[in-house]
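All the letters of the sequence shown, read from the start, carry residue numbers 0 to 103 under numbering that gives the first Met the number 0. Step one of this worksheet: look at the structure below.
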Amino acid sequence: MFSMLDIMVNTSAIGSFPTSILEAMIFKVPIITLYNPGIMNIMRDEYNCLILKDNDASSIGDAVIRLLKDVELSNKLTVNALNTFEEKCSFEKTFDEISAISNL
0 MFSMLDIMVN TSAIGSFPTS ILEAMIFKVP IITLYNPGIM NIMRDEYNCL
50 ILKDNDASSI GDAVIRLLKD VELSNKLTVN ALNTFEEKCS FEKTFDEISA
100 ISNL
């Protein structure tokens with residue numbers, strides 16, 4: 000499914016870290032997301048995603064158009080998102096952190 004997407008837009012500003020963002024990172028789909036405290040330790044505006052402050056159609060539309068027009072930015076975001084996933088969110092990284100906490 001993600002291979003068919005040009006851009007992933009997350010409009011949820013509540014809850015923890017959405018799984019859909021992780022999936023987009025893995026499949027190298029550029030991400031536009033609303034500011035959400037649950038994602039701020041992993042997602043960085045203009046580095047691995049575009050973070051919107053306002054949940055309105057104009058802001059979302061402007062961000063989508065920007066990514067469609069700026070292929071270089073889109074590519075940078077997807078490469079950095081995949082690198083971020085591998086550094087902070089991969090199964091191996093998560094297992095290592097849990098093992099360290101529980102002395103496995």
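Glycine residues also receive a C-beta, built at the ideal position from the N, C-alpha and C atoms. Computed from a predicted structure; not experimentally measured.
- A distance below 7 Å between beta-carbons, with the five flanking residues on each side excluded, links A62 to the following residues of its chain, in chain order: I31, L49 and L51.
- When secondary structure is reduced to three states using DSSP, I50 falls in the strand class.
- Between V28 and L66, the C-beta spacing is not below 7 Å.
- Counting other Cβ atoms within 10 Å of its Cβ, M39 stays below 16 and is therefore classed as exposed.
- Close CB contacts of Y46 within its chain, under the 6 Å cut and outside five residues either way in sequence, are with N79 (chain order).
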